[in-house]
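Residue numbers (my numbering), protein chains in the order written: chain V, 137 to 218; chain B, 80 to 349.
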């Protein structure tokens, strides 16, 4: 799983955005979504991301797995990861 | 020829950046001399001499008699402009020869955009400043009335700050704004700056109204359409600068009646 090369990630306070230079599109995310994108950018696998979310955000593993799977499905549909 | 006695190196203040302009040795052609005359005529008041050498040089432009490269840039009106200079931004050196005034302006814009990547933005906007140094910046699509708005306010005692673009620069954690240090719509550079500004996204309407914008992502999206970047790409720094600018300033939606009735009053209500 790799983040699209042209995608830039940036945060400021409570604003989390990604900008796709290929089609000049700005996406807004919540803190967890942005966290997942950052981890994908760092080259982590889905299982590694789920493990970190469980630890960092204090959620149950099954909940983290379900949310993470849904989120990845959405960003794949948007073409932000391949 | 008068040019025989001219200094070979100048230092130019480009929106707070120190730009070294050097005329290389070589055969003095008519076109080479024209570059000098243009710079002298339109930028002389912004030149200062070698005693400022201790100040860090941010960028160097060397004017040379000949070059092998030309660049074509497509403009909005579908016309092509061929620019006759070579750029090597990694080495912070640009080479320029036999330039037209338009080419010098393009070059300064490119250099500024390069220098601003770390801590600033080149915005596509018009702006006016009042007697208390408060800056009012008007953003919007082409044809939305940016110039008209600035002209209407100029008739009411505001001073025009910029017509088509503006430099926003972060210095020591604060945003400062510089009038464009190049010719815009045949107006020579003004060399003025401000540190207190409000931003207005304008649109034509039957009534003049102003409303504060609260949705940060929509402001970011709107600002992204109003920035000028080299090659049209947004870098991580530029995106960071946009987020910082948006989170540290006030943005408004300004609907303007054609005759500008109540315009000055409305912007002071913000």
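For glycine and all other residues, C-beta sits at the position ideal for the given N, C-alpha and C.
Quick caveat, the model's predicted, so the values are computed rather than measured.
Residue from the options with nearest C-alpha to residue i
i	options	result
residue 238/B	226/B, 98/B and 246/B	226/B
residue 339/B	294/B, 218/B, 281/B and 303/B	281/B
residue 260/B	240/B, 275/B and 252/B	240/B
residue 92/B	102/B, 117/B and 135/B	135/B
residue 296/B	143/V, 155/V, 138/V and 140/V	155/V
residue 201/V	216/V, 184/V and 215/V	184/V
residue 149/V	342/B, 324/B and 346/B	324/B
residue 334/B	315/B, 217/B and 301/B	217/B
residue 141/V	315/B, 322/B, 304/B and 342/B	315/B
residue 138/B	247/B, 120/B, 249/B and 193/B	193/B
residue 205/V	191/V, 194/V, 178/V and 168/V	168/V
residue 233/B	215/B, 219/B and 245/B	215/B
residue 191/B	347/B, 322/B, 320/B and 308/B	308/B
residue 244/B	235/B, 231/B, 120/B and 221/B	221/B
residue 229/B	272/B, 311/B and 346/B	346/B
residue 197/B	249/B, 235/B, 231/B and 186/B	249/B
residue 204/B	116/B, 342/B, 242/B and 269/B	242/B
residue 202/B	326/B, 332/B and 320/B	320/B
CA-to-CA distance, residue j to residue i, given in whole angstroms
i	j	result
residue 181/B	residue 95/B	22 Å
residue 336/B	residue 318/B	33 Å
residue 215/V	residue 159/V	11 Å
residue 163/V	residue 313/B	14 Å
residue 144/V	residue 137/V	16 Å
residue 252/B	residue 198/V	43 Å
residue 52/B	residue 118/B	One cannot answer for residue 52/B here, as it falls past the ends of chain B, which runs 80 to 349.
residue 157/V	residue 276/B	29 Å
residue 180/V	residue 322/B	27 Å
residue 290/B	residue 263/B	30 Å
residue 146/V	residue 176/V	14 Å
residue 160/B	residue 185/B	With a pLDDT of 47 at residue 160/B, under the threshold of 50, the predicted position of this residue should be treated as unreliable, and no value is reported.
residue 344/B	residue 192/V	51 Å
residue 371/B	residue 182/V	No statement about residue 371/B is possible, as the shown extent of chain B runs from 80 to 349 and does not include it.
residue 172/V	residue 268/B	47 Å
residue 292/B	residue 116/B	46 Å
residue 209/B	residue 235/B	10 Å
residue 37/B	residue 299/B	No answer is possible for residue 37/B: it lies beyond the span of chain B, which begins at 80 and ends at 349.
Any C-beta of chain V under 8 Å from that of residue i
i	result
residue 36/B	This structure cannot settle anything about residue 36/B, because the visible part of chain B is limited to 80 through 349.
residue 156/B	Reliability fails at residue 156/B, whose pLDDT of 47 lies under 50, so the model's placement of it is uncertain and the value that follows must be treated cautiously. It does not: the Cβ of residue 156/B has no partner Cβ on chain V nearer than 8 Å.
residue 330/B	no
residue 130/B	In this prediction, residue 130/B has a pLDDT of 47, which is less than 50 and means its spatial position is unreliable; what the coordinates show is noted afterwards. It does not: the Cβ of residue 130/B has no partner Cβ on chain V nearer than 8 Å.
Coil, strand or helix - residue i by DSSP
i	result
residue 258/B	coil
residue 205/B	strand
residue 154/V	strand
residue 222/B	coil
residue 173/B	Only weak support exists for where residue 173/B lies, its pLDDT of 49 falling under 50; the value from the coordinates is given anyway. Here residue 173/B sits in strand by DSSP.
residue 215/B	strand
residue 138/B	strand
residue 189/B	helix
residue 227/B	helix
residue 309/B	helix
residue 168/V	helix
residue 100/B	strand
residue 160/V	coil
residue 329/B	strand
residue 242/B	coil
residue 272/B	strand
residue 148/V	strand
residue 290/B	strand
Under 9 Å from the C-beta of residue i: neighbouring residues of chain V
i	result
residue 313/B	144, 155, 157 and 160
Residues that residue i contacts on chain B, provided the C-beta gap is smaller than 9 Å
i	result
residue 151/V	295, 296, 299, 322, 325 and 326
Neighbouring residues, chain V, relative to residue i (Cβ below 7 Å)
i	result
residue 303/B	162
residue 319/B	146
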